Every structure is written in C-alpha cells, then in structure tokens.
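In the working numbering, the protein residues as written are 77 to 795.
These notes concern the structure reproduced below.
Given below as structure tokens:
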C-alpha cells in the first residue's frame with residue numbers, strides 16, 4: 077500500500093503542533109462525533125484483536141452534500157486531514173493510507189479532496205504481551221478543514237475500545253464491507269502497468285504503458301500529483317491514446333526551483349485499471365528524462381516571475397532593499413538616517429542597539445501584517461497585499477499621522493516622548509521603543525510600494541503554508557532593515573556625512589514637505605475611492621489636528637507655566653482626537669464611489685470596459701481575445717503603466733486591429749469578486765495583466781508588472 081508524505085517534515089511538524097494545541101486530547105468519544113458539516117468516527121475492521129497481530133482501523137468521514145475535506149496534497153488551497161494518536165503503551169500506528177481524491181474546482185482554484193464518504197485507513201500494531209480477556213482503548217485526535225463556499229476548521233477526539241482475544245478474531249460485521257470498499261479506493265501497485273516520463277520546456281509528459289493482458293479501454297483519466305509544488309493544477313492534462321498505451325501532459329509549476337527527477341502521484345479513471353468495474357486508481361512513480369515531450373498540445377501558460385521558493389526568498393530580500401528607495405518610504409527612513417548621524421557620536425553599543433530595534437520593528441510589522449492577511453484569507457476574505465489602502469478610515473488615519481509628523485518637522489510643535497515623536501525620537505539613546513516603532517511605521521507605509529518588485533513572490537507566498545509564507549515576509553523585512561543594521565554596526569561608514577549644523581534644520585524641514593506630499597497622494601487616492609466628500613472630511617480633520625498642533629507648540633512648551641502647559645495639552649488633545657474620531661465616523665458613513673472603467677481611452681489610449689466574470693465568460697464564448705487589467709488608484713505602478721503603455725496610440729490601434737476587448741478590474745475599493753478572481757490566477761497583488769487568445773478554449777498568458785508599449789505589443793503579436 078502507498079504511504080504518502082507529500083509535505084516537508086518541518087511543515088508537517090508545525091501543522092501537527094498547531095492542530096494539537098486546538099484540542100489534543102479532550103474527552104474522547106466512542107461513536108460518531110459531528111462538526112458543522114462532517115461526521116467523524118473511529119472504527120475497526122476487527123471485532124477483537126490478538127496480541128502482536130496487526131489490525132486495521134479507520135477514521136470515517138461522512139460529508140454533508142457538497143462539503144469536502146482534503147487529500148494529502150490539497151492542491152491550490154486547503155489542508156489535509158491530520159491524525160494524532162494517543163495509544164496504550166506498546167501500540168504503534170502506521171501512516172494514513174489515502175484513497176484516491178476527487179477534483180474540485182471553484183472560482184478558478186483547484187483542490188483535491190473528498191465530497192464522498194471516506195475511510196482513512198491506518199494499521200495498528202499491538203504489543204505481543206497483551207493479556208487475553210483485557211480490553212484496550214485507542215484514541216485519536218482528528219483535525220480537518222471542511223469547505224464549500226466557505227471553509228471551517230473541524231475536529232474531534234475519537235475513541236474505540238476493543239477486546240483482546242487469545243484465538244482467531246472475527247471481523248466487525250458492521251464495517252467489513254465498508255473496509256473492503258475503502259481498500260478498492262486505494263491506488264493499485266504492481267499490476268503490470270509501467271510508465272515512462274519526459275520533461276521539456278516546462279511540460280511533463282507521462283506515458284502509461286498497458287500490460288499485454290489488458291483488453292479494456294481508458295477513455296479518460298486525471299493525474300493527482302503528490303508533490304504539492306510540482307505541477308499546475310488548473311490546465312487540462314490532454315489525455316490521449318498511443319500505440320503502446322496512453323499519454324498525458326502536465327505543466328510544471330513555474331515556482332518549482334529545480335528540474336524534477338521524478339514525479340509521483342495517483343492516476344484515476346472511471347474505466348478501471350484492470351477492466352470495467354475494477355479499481356479506479358493507479359499509483360505512479362516514474363523517473364523523468366530530458367527527452368522531448370510527445371504531446372504538442374497548447375496549454376495555458378503560467379506566470380514565470382518566480383522560479384522557486386529559494387528564488388522567492390532572494391527576490392523578497394532584494395525587494396526589501398529596493399523599498400528603501402521608494403518615495404512613500406523615504407520620508408520615514410530619512411528621519412532614521414538623520415538619527416544615525418547623531419548616533420555616530422555615541423558609544424558603539426548604543427548605536428547598534430538602535431539599529432537592531434529598528435530592524436526588529438520592521439520584522440514584527442511584516443509578521444503582523446502577513447499574519448493578519450493569511451488569517452483573513454483562511455477565513456474566506458478576498459484581500460491582497462496593500463489591502464489597508466482600500467479603507468477610507470485607514471487613509472484618513474495615515475494622512476493625519478503624516479500631516480502631524482510634517483508639522484513637527486516644520487517646528488510648529490515639538491514632541492518629546494509622545495507617540496507623535498516616533499520619527500524625531502527614533503534614534504535617541506533613551507528611546508528604545510522609538511527605534512522599534514520607527515521600523516514598524518516604515519513597514520506600514522512601505523507595503524503599497526511592493527507590487528512592482530514583489531507581486532509574484534507575495535502572491536506565491538500566500539499559496540504556501542503559513543510557515544513558508546511567513547518566511548517570504550521575513551526576508552522582505554530583512555532586506556528592508558539590512559542597510560540600517562549595517563550602518564548601526566559600522567557607524568564609521570557615516571564619516572563622510574557632514575557634521576551636524578544648520579543644514580540639519582533645513583534638511584528636516586525639507587523632509588516635512590515630502591510628508592505633506594504623501595498626504596496629497598493619500599488625499600488623491602481617497603478622492604477616487606470615496607469621492608470629494610471624503611476629501612472635504614479629510615481637510616476638516618487636518619484643520620483640527622493642525623490647530624491642535626499649533627496650540628501645543630504655542631502654549632505647551634517648557635517655557636510656559638505648568639497650568640498653561642497642561643491646558644494647552646488638553647485643548648490640543650481634544651482638537652486632535654476629536655478631529656480624528658469625527659473624521660473616522662464621517663468616513664464610515666460615506667458610500668464608496670461607483671468606479672468606472674478608467675480614462676485612458678479618453679486620452680487616445682485603450683478603451684476599457686468594466687470587468688465582470690459574466691462579461692469575461694461571454695466574450696470568451698464568442699471567441700474574442702480578452703485583455704484584463706487588474707488595477708487600483710492607490711497602486712502607483714498601475715498608474716504609471718496606464719500612462720506609459722495603455723495611453724499609447726500604437727497600443728490602442730493594436731487592440732483594435734486584433735479585436736481584443738479590454739476589461740479593467742478596478743480594485744481601488746475592496747471587491748471580493750476581483751479578489752477571488754485574482755486568487756484563481758494564483759495572485760493576490762496588483763498590477764496584474766492577463767491576455768486570453770481567441771476561441772472558447774484559448775489559453776492565457778500573463779504580462780510583467782512593469783509595462784512598456786513594446787511589452788504589450790509583443791504579447792498581442794503572439795495571438
């Protein structure tokens with residue numbers, strides 16, 4: 077029997093640890109235990125057991141209609157069922173014997189799982205010193221993910237008591253037929269079918285060679301890979317007969333970081349591998365050679381931005397480095413660099429600690445944002461990286477923060493240890509928390525800038541397990557923080573920086589204007605998202621908090637008497653907090669603006685239609701080529717691409733000549749449909765561009781995140 081171990085051992089251990097904290101072991105129950113939509117039970121094939129004689133048990137899972145749990149490789153999403161055993165001393169449990177899975181497609185995502193009722197068989201070996209006449213109780217904690225349109229965690233503590241007999245045992249009459257059916261659902265091995273495998277140009281071809289005695293016909297089959305990162309799941313597998321058997325072709329996942337030497341999986345056909353009515357599943361374990369593939373079918377091409385997990389980590393680190401050059405990061409980072417200039421005069425240990433705390437603030441912020449995003453997506457939310465910019469409340473809050481920081485840099489007011497002094501106090505030897513929060517603030521502002529360099533890597537990260545995804549985000553944070561760690565470790569590198577003097581005040585005020593410019597950009601995004609009323613609300617909020625800052629700077633300084641300072645701080649707090657709270661309440665009541673397809677066409681560029689799934693399906697059914705532009709107002713790279721590529725008259729003419737229909741999927745306001753469609757393409761970030769060829773069965777290609785007119789024209793020429 078086939079024993080599967082598709083996931084890395086460290087990931088399996090992490091998942092077991094996570095699931096075990098949920099409830100292992102609670103009060104175990106004998107008999108059926110029901111979650112929301114799945115009923116579980118621990119059952120035995122034998123009515124009694126013998127000392128030292130292995131026997132079979134199973135966890136039975138009965139699913140409500142259209143609900144499913146997952147196979148050992150869940151494919152695009154999901155989590156395989158986990159079993160953690162609590163057995164009497166001397167007992168040993170084998171691995172799960174997985175029945176063949178079912179193909180489940182929803183919203184462009186493919187999952188492998190079970191909608192039918194299944195038994196997960198496990199062999200139990202008892203010790204040889206059991207005393208006949210005794211009874212033993214087996215316990216197991218089963219955890220699963222049960223899904224339909226939504227997914228819910230399910231689990232149960234199951235128990236089973238069996239008597240120990242000295243003579244031959246008998247089968248459990250209630251379950252003997254079901255165990256027989258379950259064994260028929262296990263993949264066949266050693267039944268004279270043989271296989272040849274080839275790889276070429278990102279495609280894997282498997283040739284199933286039929287035995288001489290086989291006189292049946294396999295009209296169709298589907299291959300379920302055991303390696304979760306090896307092949308693409310959605311494209312058709314192009315099953316076809318050959319003179320020696322059958323062949324099918326798979327697309328290698330572009331995120332797989334090396335050429336595969338072997339491929340393992342289960343080949344499933346309703347026709348039966350030993351003739352009609354026989355077993356439907358066949359185990360495949362074949363070596364892949366470099367010979368040319370035998371099938372030349374056109375299959376959908378997949379994004380090639382990420383070549384593997386290790387490469388994704390490298391790109392994440394480099395992307396973090398590049399973030400330090402982004403306009404929306406520079407104002408906060410520049411404040412930190414100014415602090416390094418002052419720290420160069422301090423003792424080395426203090427400087428190094430500030431740099432380390434800054435780096436830790438960056439990392440913690442990336443972990444929190446990534447953890448929040450992963451948790452929301454696990455709960456069914458369709459969100460992407462930078463999703464906080466889809467909230468008017470967040471935009472108003474960040475505008476207020478930047479505006480106050482700008483006033484602080486202009487000298488309107490001075491803040492010592494208050495929260496508004498994050499940037500100013502970030503490098504003070506007495507403000508360790510300031511260094512930490514300086515890194516945290518830089519991270520929050522950096523996230524919208526990741527798309528040009530990290531879109532594919534971040535999308536790839538969110539298709540992985542939580543551990544692997546967090547590694548991607550960790551390397552992104554390490555890349556962003558690394559220059560400042562190096563500067564704090566080697567402050568002598570700052571020796572060429574001019575000595576402190578009046579130039580620092582000029583530089584400080586100049587950076588204040590950069591912060592104000594960021595507020596202007598946030599207001600522009602807010603206008604597109606929520607309309608002019610929201611911008612008026614923002615202006616009112618900024619007026620009140622600015623007035624509060626002026627009161628604080630005018631009467632809250634140390635030169636004033638204590639009663640005056642106290643009164644000024646109270647008034648400033650009321651104005652600032654009142655303005656912010658009032659703005660949040662007003663923004664929450666504003667209806668989002670109904671977004672249109674865009675304005676590029678009005679400027680002589682591409683004419684866009686609003687994207688809907690129904691419109692896409694209708695156009696493809698008519699055989700028309702389709703271009704989809706996933707964009708948002710807050711995506712700076714998207715806006716640059718609009719002006720550089722899609723406003724080009726040459727690009728517009730190429731669209732018209734080839735009859736390409738241009739659809740714009742505007743994600744400025746949160747849209748669950750667009751989020752789900754993006755997820756179907758294996759992405760969660762924008763910009764993202766998809767081009768479908770002609771015909772209902774036409775394949776699609778994706779374009780890079782950064783476009784030039786020539787990039788779009790080359791893609792259109794390949795139609």
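Cβ coordinates follow ideal geometry from the N, Cα and C atoms, glycine included.
Predicted, not measured: the structure shown is a model, and the values here were computed from it.
Beta-carbon separation of residue 789 and residue 736 under 8 Å?
no
Using DSSP's beta-bridge definition, name the partner residues of residue 160.
217
Is any heavy atom of the ligand GDP found at a distance shorter than 7 Å from the C-beta of residue 651?
Looking at this structure, you won't find the ligand GDP or any other ligand, since it has none at all.
Under the DSSP definition of a beta bridge, which residues are partnered with residue 706?
741, 764
Label residue 698 either buried or exposed according to how many other C-beta atoms from any shown protein chain fall within 10 Å of its C-beta, with 16 as the threshold for buried.
exposed
What are the boundary residues of the beta strand (DSSP E) that residue 147 is part of?
Segment 145-151, the beta strand (DSSP E) holding residue 147.
What residue does the beta strand (DSSP E) around residue 302 start on, and which one ends it?
Where residue 302 is concerned, there is no enclosing beta strand (DSSP E), given that its DSSP letter is neither H nor E.
In or out: residue 328 buried (at least 16 other Cβ within 10 Å) or exposed?
buried
Identified DSSP bridge partners for residue 349:
DSSP, once it has assigned bridges, lists 351 as partnering residue 349.
By the three-class DSSP mapping on this structure, what secondary structure does residue 430 have?
Helix.
Would you call residue 308 buried or exposed, if buried means 16 or more other Cβ atoms sit within 10 Å of its Cβ?
With 16 or more Cβ atoms within 10 Å of its Cβ, residue 308 is classed as buried.
Once DSSP output is grouped into helix, strand and coil, what is the label at residue 387?
The three-state secondary structure of residue 387, taken from DSSP, is helix.
Determine whether the beta carbon atoms of residue 104 and residue 280 lie at a separation below 8 Å.
no
If you draw a straight line from the alpha carbon of residue 324 to that of residue 306, how long is it in whole angstroms?
15 Å
Looking at the unbroken beta strand (DSSP E) that takes in residue 272, where does it start and where does it end?
Where residue 272 is concerned, the enclosing beta strand (DSSP E) starts and stops at 270-276.
Does DSSP put residue 791 in a helix, a strand or coil?
helix
From the DSSP output, in three-state form, read off residue 509 for me.
helix
Quick check: the Cα distance between residue 252 and residue 259, rounded to an integer number of angstroms?
11 Å
In DSSP terms, what residue 139 is bridged to
114
Count the CB pairs spanning the segment 642-656 and the segment 682-700 that are closer than 8 Å, and state whether there are at least three.
no
Under 8 Å between C-beta atoms of residue 554 and residue 393
yes
In this structure, how does DSSP classify residue 759 when only helix, strand and coil are distinguished?
coil
Can you tell which of 148, 170, 157 has its C-alpha closest to the C-alpha of residue 132?
170
Return the CA-CA distance between residue 552 and residue 395, expressed in angstroms with no decimal places.
A straight-line Cα-Cα distance of about 6 Å links residue 552 and residue 395.
In chain order, what residues of the same chain lie with their CB nearer than 6 Å to the CB of residue 127, ignoring the 5 residues before and after it?
204, 206
Mind checking residue 585: buried by the 16 CB within 10 Å criterion, or exposed?
exposed
Identify, in the order they occur along the chain, each residue of the same chain with its Cβ nearer than 8 Å to the Cβ of residue 348, setting aside the five sequence neighbours on each side.
292, 354, 355, 356
According to DSSP, which residues form a beta bridge with residue 771?
The partner list for residue 771 (beta bridge, DSSP) is empty, contrary to what the question assumes.
Given a cut-off of 8 Å, decide if residue 343 and residue 358 are closer than it, judged by their beta-carbon atoms.
yes
Just reading off the alpha helix (DSSP H) that residue 297 is part of, what are its end residues?
Premise fails: residue 297 is in no alpha helix (DSSP H) and is neither H nor E.
With H, G and I counted as helix, E and B as strand and the rest as coil, what does DSSP make of residue 246?
In the three-state scheme derived from DSSP, where H, G and I count as helix and E and B as strand, residue 246 is classed as coil.
Taking all protein chains shown into account, do 16 or more other C-beta atoms lie within 10 angstroms of the C-beta of residue 740, making it buried, or fewer, making it exposed?
Classification of residue 740: buried, given that the 10 Å Cβ count is 16 or more.
How about the segment 172-188 and the segment 143-159: do they share at least three Cβ pairs that are nearer than 8 Å?
Contact between the segment 172-188 and the segment 143-159 is established, with three or more Cβ pairs separated by less than 8 Å.
Could you tell me the distance, in whole angstroms, from the CA atom of residue 734 to the CA atom of residue 702?
10 Å
Could you please give me the residues that DSSP links to residue 122 through a beta bridge?
247
Quick check on residue 659: does DSSP put it in helix, strand or coil?
Here residue 659 sits in helix by DSSP.
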